[in-house]
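J.: This note's numbering puts the sequence shown at residues 118 to 324.
Each residue gets a CB set at the ideal place from its N, CA and C atoms; glycine is no exception.
Note that the coordinates shown come from a computational prediction; the quantities given were computed from them, not determined experimentally.
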Amino acid sequence: MATAVVDTLRAAGAQVAVAEAGGDLAAAVRDAGLDAAAGVDLVVHAPYTPGTATPAALVDLSPRDWDRLAEEPIRHGLAALQGAHPLLTPTGGRFVLVAPSVAIEGGAGLVPLATAAESLRALAKSAARRWAGDGVTVHLLAPTVFALDAEAEGLRGTDVDRSESALGEDAMSPQAVADVVLLLCAPGARHLTGSTFALDGGALMVP
Numbered sequence: 118m119a120t121a122v123v124d125t126l127r128a129a130g131a132q133v134a135v136a137e138a139g140g141d142l143a144a145a146v147r148d149a150g151l152d153a154a155a156g157v158d159l160v161v162h163a164p165y166t167p168g169t170a171t172p173a174a175l176v177d178l179s180p181r182d183w184d185r186l187a188e189e190p191i192r193h194g195l196a197a198l199q200g201a202h203p204l205l206t207p208t209g210g211r212f213v214l215v216a217p218s219v220a221i222e223g224g225a226g227l228v229p230l231a232t233a234a235e236s237l238r239a240l241a242k243s244a245a246r247r248w249a250g251d252g253v254t255v256h257l258l259a260p261t262v263f264a265l266d267a268e269a270e271g272l273r274g275t276d277v278d279r280s281e282s283a284l285g286e287d288a289m290s291p292q293a294v295a296d297v298v299l300l301l302c303a304p305g306a307r308h309l310t311g312s313t314f315a316l317d318g319g320a321l322m323v324p
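(1) Express the C-alpha separation of Val255 and Leu237 in angstroms, rounding to a whole number.
(2) Whole-angstrom Cβ separation of Pro217 and Leu198, contact assumed at under 8 Å?
(3) Do you know how far the Cα of Asp296 is from the Cα of Asp158?
(4) Report all residues from its chain with a CB closer than 7 Å to the CB of Trp183; omit the five preceding and five following residues, and keep chain order.
(5) Of all the options Leu300, Ala187, Asp317 and Arg247, which has the alpha carbon lying nearest to the alpha carbon of Val122?
(6) Determine the direct distance from the alpha carbon of Ala144 to that of Val135, and round the result to whole angstroms.
(7) Between Thr232, Cys302 and Thr208, which lies nearest to Glu222 when the distance is taken from Cα to Cα?
(8) For a quick check, are the C-beta atoms of Gly226 and Ala163 less than 8 Å apart?
(9) Pop quiz: Val253 and Gly311 are said to be a contact at Cβ under 8 Å. What is the actual Cβ separation, rounded to whole angstroms?
(10) Can you tell me the Cα-Cα spacing of Ala201 and Leu240, whole angstroms?
(11) By the 10 Å Cβ neighbour count, where 16 or more other Cβ atoms means buried, how is Thr169 classified, buried or exposed?
(12) Give, in chain order, every unbroken run of the alpha helix (DSSP H) that is at least 4 residues long and sits entirely within the stretch 209-244.
(13) Under a three-way DSSP split, which group does Val176 fall into?
(14) In the DSSP assignment, the alpha helix (DSSP H) including His193 goes from what residue to what residue?
(15) Can you grab the Cα-Cα spacing for the pair Leu204 / Ala259, in whole Å?
(16) What are the boundary residues of the alpha helix (DSSP H) that includes Thr120?
(17) Quick one: measure Cβ to Cβ for Pro81 and Gly156, integer angstroms, because I've assumed they're closer than 8 Å.
(18) Whose C-alpha, out of Val298, Trp248, Val133 and Ala288, is nearest the C-alpha of Ala320?
(19) CA-CA distance, Pro304 and Arg185?
(20) Among Phe212, Val133, Ala220 and Thr166, which one has its Cα closest to the Cα of Arg247?
(21) If you drop the 5 nearest sequence neighbours on each side, which residues of the same chain put their C-beta closer than 8 Å to that of Val133?
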């Protein structure tokens, strides 16, 4: 999914810097030949932790498993927000967090993923409220887990499978996520902040 976002932004003419989760965003900007002091227009944080889409009973998770699957993604999200703010303030830019829709609806056997995703959503909303005065807007995109993790194919037919969506599979693809990220770069998107966009093809149609 991250590759689709990067390719789509570059195709639209953007200069893109890439950082690993938990990495130094300003350093990544400089490494890409850009001026970190001048700021950036957009930061997209799309965390991925191997194993999060593998169902597991909560009682079977060790403390180490829980930390890696549930708490580490939250720490990385916090680091991304902290690193993004000084980059976005000079430009009045946008921060987009991508986390699976289990943040909204949950999923059997996916408690760590749902916990991390909903915690990240709360962080994004808090940042949106606090950063509005700086001209920085924050959004959360919530695609189905199938758009984010190839390991999720094993979840087909379970309660997290929204293949009955009104718009079909294309609206739940990695490219759909990339297209909506680009949409949030449009001038009119400056009027939105703190929103959660469920990219499930109209399966849930949550407010």
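T.: Concretely, from the data shown:
(1) 12 Å
(2) That belief does not hold up - the Cβ atoms of Pro217 and Leu198 are roughly 18 Å apart, past 8 Å.
(3) 16 Å
(4) Pro229
(5) Leu300
(6) 10 Å
(7) Thr232
(8) no
(9) Incorrect: roughly 11 Å between the Cβ atoms, too far for contact.
(10) 13 Å
(11) buried
(12) 219-222
(13) helix
(14) Glu189 to Leu205
(15) 24 Å
(16) Ala119 to Ala128
(17) Not covered by the structure: residue 81. The range shown for the chain is 118 to 324.
(18) Ala288
(19) 38 Å
(20) Phe212
(21) Val123, Leu126, Arg127 and Ala149
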